[in-house]
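*Asks:*
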Amino acid sequence: MPVFRPEIAALSPYEVGRPISEVARDLGLDPASIIRLTANETPFGPFPGVAEAAAEALAGANRYPDNDSWDLSNALASELGVDRSNLWFGNGSVALLVDSVSAVGGPGTRVVYAWPSFVMYRFAAIWAGSDFTEVPLDESHRHDLDAMREAIDEQTRIVFVCNPNNPTGTIIPHEEIASFVGSVPDSVLVVIDEAYHDFVEDQRYATAIPTALTRKNVLVLRTFSKIYGLAGQRVGYGVGDGSLITELRKMQQPLTVNAVAQAAALASLGQPGELKRRARENAAGRHHLVGVMDERGLEHGESHTNFVYFKMPSDDSRVVSREFTARGVIIRPMSSGWMRVTVGTEMENRRFVEVLDEVLDTLSDKISP
Ligand SMILES: Cc1ncc(COP(=O)(O)O)c(C=O)c1O
């Protein structure tokens, strides 16, 4: 056996959520009867015209992809009102956040982020050999930006702000982000992860892209994996000052956004009606789920996303998760009874609520003597 770095040997692999086929095999269920609400994917397919554009690109797959994502970057730059030099594309936004930590981190440095938040920030720190500080969310499951500012020390090279936050769904008002960014030393890279940006309807929230364009130490991350329904294609992007992007790209493997993915992302753009329709449909599903949780007295985060973070009457999230899975509904266990469910179609949400009630009954049988 080769000798592994101790911090890598100590890692448990990232859990992506079990695929439907595996759960069906394990439980002897029909895959069609299983509902997967575990990875904050959209239950709808890609946008109209995207599958056709991707198929056309596949026909040219004997050639390497365009390393500069030229067509995609021009189209996105004009949609966002930025220059194409402000854009950085990657194999999912996860690849970009990992490259960002690798570029500025390493042994003897520190990564700061909130907790609970997106677990990939922790992986990225460990992979780079950086130390990390996880700053607890406040009692409303929101980022405690004052405490995060306090946690930034001489060693700190990068801070993640997840807005809206995964797994809690909470948002940070725009002015708070702007004042936080203003208080962080220029030598520290601030990465504002806006993976769920398109789902937010609250007026207190705004993208940090304008802030990123006025500073050299701020990167905003976005993805085509969520509202655009392209999680399986792996396209994410960063927006920042051109000189920051030039430096960060030095850390990136070449040719990481494949040609089919570029074509699929490009064909997704310029469809504002579809984007709005999906955001509205998601909000209706989310309001329904939150209403159900309120009726049952279940504590939950104030979600602005396509998922809801809620507390079951149990200390063991894995036990709760198994109860759901046994009934054909896969949701994400967090910790201490907290769970995360992705908003699905109307039919999926209805089935989730039926199973929620069954699991609540089972748990109350176990709790009561
Ligand atoms: C906060 C956050 N950032 C980034 C991502 C990853 O997106 P991508 O599929 O673009 O790698 C996710 C996915 O779940 C996420 O929750």
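Residue numbers (our numbering): 331 to 699.
All C-beta atoms, glycine included, are put in the ideal place defined by N, C-alpha and C.
#1: Just curious, the beta strand (DSSP E) that Gly566 is in, first and last residue?
#2: Answer with buried or exposed for Lys546, where buried requires no fewer than 16 other C-beta atoms within 10 angstroms of its C-beta.
#3: Taking the straight line between their C-alpha atoms, what separation do you get for Ser415 and Glu382?
#4: Look at the Cβ atom of His617, then the Cβ atom of Gly499, and state whether they are nearer than 8 Å.
#5: How about Tyr567 and Trp418: do their beta carbons lie closer than 8 Å?
#6: Mind checking whether the beta-carbon of Phe529 lies closer than 7 Å to any heavy atom of ligand 1?
#7: Flag Ala454 as yes when its Cβ comes closer than 7 Å to any non-hydrogen atom of ligand 1, and as no otherwise.
#8: Note down, in chain order, each residue of its chain lying with its Cβ closer than 6 Å to the Cβ of Ser363, except the 5 sequence neighbours on either side.
#9: Output the residues surrounding ligand 1, defined as those with a CB atom closer than 6 Å to any ligand heavy atom, in chain order.
#10: Let me know the alpha helix (DSSP H) ranges lying completely inside the segment 634-695, each 4 residues or longer, listed in chain order.
#11: Since I believe Glu524 is in contact with Leu551 (beta carbons under 8 Å), could you give me their beta-carbon distance rounded to a whole number of angstroms?
#12: Starting from Ile488, trace the beta strand (DSSP E) in both directions and tell me its first and last residue.
#13: Could you tell me the distance, in whole angstroms, from the CA atom of Val569 to the CA atom of Val520?
#14: Could you work out which residue in Gly572, Ser517 and Arg534 is closest to Leu723 when comparing CA atoms only?
#15: Beta strand (DSSP E) containing Thr544: first to last residue?
#16: Helix, strand or coil for Phe462? Go by DSSP, reduced to three states.
#17: Within this structure, are the beta carbons of Phe374 and Gly559 separated by less than 8 Å?
#18: Based on Cα-Cα distance, which residue from Leu367, Asp645, Ser430 and Thr537 lies nearest to Glu577?
#19: Would you kindly work out how many angstroms separate the C-alpha atoms of Met623 and Pro349, rounded to a whole number?
#20: Enumerated in chain order, which unbroken segments of the alpha helix (DSSP H) with a length of 4 residues or greater are wholly contained in the segment 426-465?
#21: Select from Leu367, Leu341 and Glu337 the residue whose C-alpha is nearest the C-alpha of Pro663.
#22: If I follow the unbroken beta strand (DSSP E) through Thr576, where does it start and stop?
#23: Please confirm whether Arg610 and Ala591 have their CB atoms less than 8 Å apart.
#24: Under 8 Å, with one C-beta from each stretch per pair, do the segment 351-362 and the segment 644-660 reach the 3-pair mark?
#25: Which residues share a DSSP beta bridge with Arg552?
#26: Among residues of its own chain, excluding the 5 on either side of Phe462, which ones have a beta-carbon nearer than 8 Å to its beta-carbon?
#27: What residues in its chain sit with their C-beta under 8 Å from that of Ser432, if we drop five residues either side in the sequence?
#28: Using a 10 Å radius around the Cβ and a threshold of 16 neighbouring Cβ atoms, would you call Tyr344 buried or exposed?
#29: Identify whether Asp396 lies in helix, strand or coil by the three-state DSSP scheme.
#30: Helix, strand or coil: which one does DSSP assign to His471?
#31: Among Val491, Tyr526 and Pro494, which one has its Cα closest to the Cα of Glu371?
#32: For Leu467, collect the residues of the same chain with a Cβ closer than 6 Å to its Cβ; drop the 5 residues on either side in sequence, then sort them by chain order.
#33: Would you call the CB atoms of Arg472 and Ile507 closer than 8 Å?
#34: With DSSP as the reference, please indicate the residues paired to His630 in a beta bridge.
#35: Is it buried or exposed, Arg670, if we count other Cβ atoms within 10 angstroms and call 16 or more buried?
*Replies:* To lay it out plainly:
#1: Where Gly566 is concerned, the enclosing beta strand (DSSP E) stretches over Gly566 to Val569.
#2: Answer is exposed; the Cβ neighbour count stays below 16.
#3: The straight-line gap from Cα to Cα measures roughly 29 Å.
#4: Not in contact: His617 and Gly499 (Cβ atoms no closer than 8 Å).
#5: Yes.
#6: With a threshold of 7 Å, the Cβ atom of Phe529 does not count as near ligand 1, since no heavy atom of the ligand is closer than that.
#7: Because no heavy atom of ligand 1 lies under 7 Å away, the Cβ of Ala454 does not count as near it: no.
#8: Result list for Ser363: Gly658, in chain order.
#9: What you get when you keep residues with a C-beta closer than 6 Å to any heavy atom of ligand 1 is Asn370, Gly422, Ser423, Val424, Phe448, Cys492, Asn496, Asp523, Ala525, Thr553, Ser555, Ala561 and Gly566.
#10: Secondary structure in the segment 634-695: the alpha helix (DSSP H) runs of 4 residues or longer, each lying completely within the stretch, are 647-656 in chain order.
#11: Right, their Cβ atoms sit about 6 Å apart.
#12: Here the beta strand (DSSP E) through Ile488 covers Thr486 to Cys492.
#13: Going by the C-alpha atoms only, they are around 12 Å apart.
#14: No answer is possible for residue 723: the residues shown for the chain start at 331 and end at 699.
#15: Thr544 -> not in any beta strand (DSSP E); alpha helix (DSSP H) instead, spanning Ile539 to Thr544.
#16: Here Phe462 sits in strand by DSSP.
#17: In contact: Phe374 and Gly559 (Cβ atoms closer than 8 Å).
#18: With respect to the C-alpha of Glu577, the residue from Leu367, Asp645, Ser430 and Thr537 having the closest C-alpha is Ser430.
#19: Computed Cα separation, rounded: 26 Å.
#20: With a minimum length of 4 residues, the continuous alpha helix (DSSP H) runs that stay inside the segment 426-465 are 450-458.
#21: Per the Cα distances, Leu367.
#22: Boundaries around Thr576 are those of the alpha helix (DSSP H), Gly572 to Arg579, since no beta strand (DSSP E) includes it.
#23: Going by C-beta atoms, Arg610 is not nearer than 8 Å to Ala591.
#24: With a cut-off of 8 Å, the segment 644-660 and the segment 351-362 count as touching, because enough Cβ pairs lie within range.
#25: Note: Arg552 sits in a beta bridge opposite Tyr567.
#26: Arg440, Val441, Val442, Tyr443, Tyr451, Arg452, Ala455 and Ile456.
#27: Cβ within range, chain order: Ala454, Trp457, Ala458 and Met581.
#28: It is exposed - the Cβ of Tyr344 has fewer than 16 other Cβ atoms within 10 Å.
#29: Asp396 sits in coil when the DSSP states are folded into three classes, being neither helix nor strand.
#30: The answer is coil: DSSP assigns His471 none of H, G, I, E or B.
#31: For the residues Val491, Tyr526 and Pro494, the minimum Cα distance to Glu371 belongs to Tyr526.
#32: Cβ within range, chain order: Ala444.
#33: No.
#34: Answer is Phe640, bridged to His630.
#35: Answer is buried; the Cβ neighbour count reaches 16.
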